[in-house]
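Down below is the structure, laid out as structure tokens.
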Amino acid sequence: MSTPCLLPPIPPINPIKKISPTRFIELKSCYLKGVWGSNNYPPLLPASPHAIIGKVIHEIMEYVGKGNLEINESSESFDEKWNSCIKREETKLTNSWFEKHLTPLSTSVKNYDEKKELCRLTVESSFKYKNQNIVKYKPSVPIKCELWLRTHDKICVGKADCVKVSDSFVEIVDYKSTETVDPKKLKEYSIQLKLYCALYHETYGTWPSSLKVMLINNKQIEVRFTKEECENLLKDTKKTFFEVNDIISTVSETKNLMSKLASPSPEACHFCDFRPVCTPYWEERKSSPKELWPSDLKGKLVRKKPWGKKRVYIEVEMENKEMVKVVDLLPERHPALEILNYEIAIFSLNKNKKNPRIFHEGQLTVVYLTP
1 MSTPCLLPPI PPINPIKKIS PTRFIELKSC YLKGVWGSNN YPPLLPASPH AIIGKVIHEI
61 MEYVGKGNLE INESSESFDE KWNSCIKREE TKLTNSWFEK HLTPLSTSVK NYDEKKELCR
121 LTVESSFKYK NQNIVKYKPS VPIKCELWLR THDKICVGKA DCVKVSDSFV EIVDYKSTET
181 VDPKKLKEYS IQLKLYCALY HETYGTWPSS LKVMLINNKQ IEVRFTKEEC ENLLKDTKKT
241 FFEVNDIIST VSETKNLMSK LASPSPEACH FCDFRPVCTP YWEERKSSPK ELWPSDLKGK
301 LVRKKPWGKK RVYIEVEMEN KEMVKVVDLL PERHPALEIL NYEIAIFSLN KNKKNPRIFH
361 EGQLTVVYLT P
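If you're matching positions, the sequence shown starts at 1 in full-length UniProt numbering and goes up one per residue.
Here you go:
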């Protein structure tokens with residue numbers, strides 16, 4: 001059967017070649033997720049539109065940091081740069097069978113206009129004004145954007161968003177596209193910055209003086225650090241690298257290897273793009289059904305009927321013979337629904353607050369045919 005909605009086979013599990021600060025955080029959550037990400041296996045679930053717009057904002061903040069916005073005929077204005085980034089991301093979405101419904105981003109992203117204007121204000125605050133015209137921003141100290149850092153053995157690598165350098169001062173800034181940061185996220189950001197700090201020292205032989213998180217509203221959060229904790233984090237990163245690759249090299253059977261690498265939990269799996277093919281995920285949620293797992297289900301598609309004028313509902317027979325209903329489905333989003341009496345898996349549904357056997361289509365819902 002040749003169809004894009006057919007669930008692909010379990011991807012190869014190959015050794016990782018390097019590890020970045022972001023990948024380190026991912027690996028600490030789940031080795032298997034981090035390995036598949038490192039192997040560049042394509043995601044099996046849609047990207048959140050909010051994450052996409054965050055990526056655009058992050059790129060523009062880096063663009064501004066480089067001093068690449070100035071007023072002349074050949075330069076890009078804020079709107080031109082914004083529209084260019086949005087168009088590029090929408091082209092990617094259009095080419096994906098399970099993401100094309102997210103276009104245009106102006107409708108799929110909540111408070112799109114507000115986010116754009118907040119980004120514009122951040123850009124404007126980085127510039128000097130003269131006669132209400134934007135002139136090119138000239139930083140008081142040299143700034144290096146997207147600076148690659150690495151250990152001597154090239155195992156640990158990372159690209160710092162912004163590094164401000166002078167004779168006696170080095171500051172690493174990590175851009176974030178949010179207005180606020182919860183404590184858990186701030187802890188992750190702090191770990192990443194401390195790793196960048198250690199990588200900078202490894203690359204240039206100098207310890208940074210300051211580490212900061214820069215939010216989209218121009219709020220700066222200083223991350224306190226010691227050289228010792230940065231060095232220990234770098235050691236832990238290398239230890240993780242070798243530990244993961246040792247498991248991969250010593251366990252040959254795929255199912256056992258997945259079990260060794262995976263750390264399924266509601267929190268870790270909720271944001272994982274690979275759970276459609278993750279056997280340990282399905283096994284763990286089956287053994288602990290009362291946990292708050294993602295709203296996914298799989299079973300036999302036994303019935304499809306109209307739901308209003310343009311939508312449908314389906315009934316799915318679960319493995320335990322229990323029948324569940326999924327309503328408010330847009331059929332053009334889900335080609336897998338064209339085949340009755342076939343096994344399907346549905347991901348990222350919305351739960352019905354009153355009836356546990358009824359689910360609703362969500363913005364990121366995907367239906368796969370399971371072989």
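Cβ coordinates follow ideal geometry from the N, Cα and C atoms, glycine included. From a predicted model like this one, the values you see are computed outputs, not experimental measurements.
V163 carries a strand assignment under DSSP once its states are collapsed to helix, strand and coil. Listed as beta-bridge partners of W148 by DSSP are K159.
By the neighbour-count criterion, in which 16 or more other beta carbons inside 10 Å mark a residue as buried, H270 falls on the exposed side. Positions of the alpha helix (DSSP H) runs, each at least 4 residues long and wholly inside the stretch 246-271, are given as 254-261 and 266-270 in order along the chain. Taking the Cα of S295 as reference, the smallest distance to any Cα among G362, L301, S125 and K212 is reached at G362. Contact annotation, L329 with I314: C-beta distance approximately 7 Å; criterion of less than 8 Å satisfied.
With respect to A198, L147 sits apart: the two C-beta atoms are not nearer than 8 Å. When DSSP reads this structure, I221 sits in a beta bridge with V213. A51: member of the alpha helix (DSSP H) spanning P49 to G65, first to last residue.
The Cβ atoms of I53 and K115 sit closer than 8 Å to each other. Secondary structure remark: continuous alpha helix (DSSP H) runs of at least 4 residues inside the stretch 325-361: none found.
Look at the beta carbons and you see the stretch 271-290 not touching the stretch 240-250: under three pairs across the two are nearer than 8 Å. The Cβ atoms of E62 and Y175 sit closer than 8 Å to each other. In the structure shown, the three-state DSSP call for G299 is strand. Taking 8 Å as the cut-off, the Cβ atoms of T94 and K87 do not count as close. Cα atoms of K110 and I57: separation of roughly 15 Å, rounded to the nearest angstrom. Separation of Y204 and E343 (C-alpha to C-alpha, rounded to the nearest whole angstrom) is 56 Å.
Per DSSP, the continuous beta strand (DSSP E) segment holding E317 begins and ends at R311 to M318. For V35, the enclosing alpha helix (DSSP H) stretches over residues Y31 to S38. One thing to note: S259 has its Cβ no nearer than 8 Å to the Cβ of P289. Under the three-state reduction of DSSP output, K154 falls in the coil class, being neither helix nor strand. Judged by DSSP in its simplified three-state form, P21 adopts helix. Cβ contact annotation for I346 (same chain, cutoff 6 Å, sequence separation greater than five): L297 and V367, in chain order. E171 has K164 and S210 as its beta-bridge partners, per DSSP. Around the beta carbon of T206, a 10 Å sphere encloses fewer than 16 other beta carbons of the protein chains shown; the residue is thus reported as exposed. In this model, R224 and K185 are separated by some 15 Å (Cα to Cα). For V173, the closest alpha carbon among the candidates K144, Y41 and I155 is that of K144.
Taking E89 as the centre and dropping the five residues before and after it, the same chain places the C-beta of I52 closer than 6 Å to its C-beta, in chain order. With fewer than 16 other Cβ atoms from the protein chains shown falling within 10 Å of its own Cβ, R357 counts as exposed. For L118, the uninterrupted alpha helix (DSSP H) run begins and ends at Y112 to S125, by DSSP. For Y189, the enclosing alpha helix (DSSP H) begins and ends at P183 to Y204. Between the alpha carbons of P371 and P4 lies a gap of roughly 13 Å.
In the same chain as S209, and ignoring 5 residues on each side of it, the C-beta atoms closer than 7 Å to its own belong to F169, V170 and E171, in chain order. By the 16-neighbour rule on beta-carbons within 10 angstroms, G308 is exposed.
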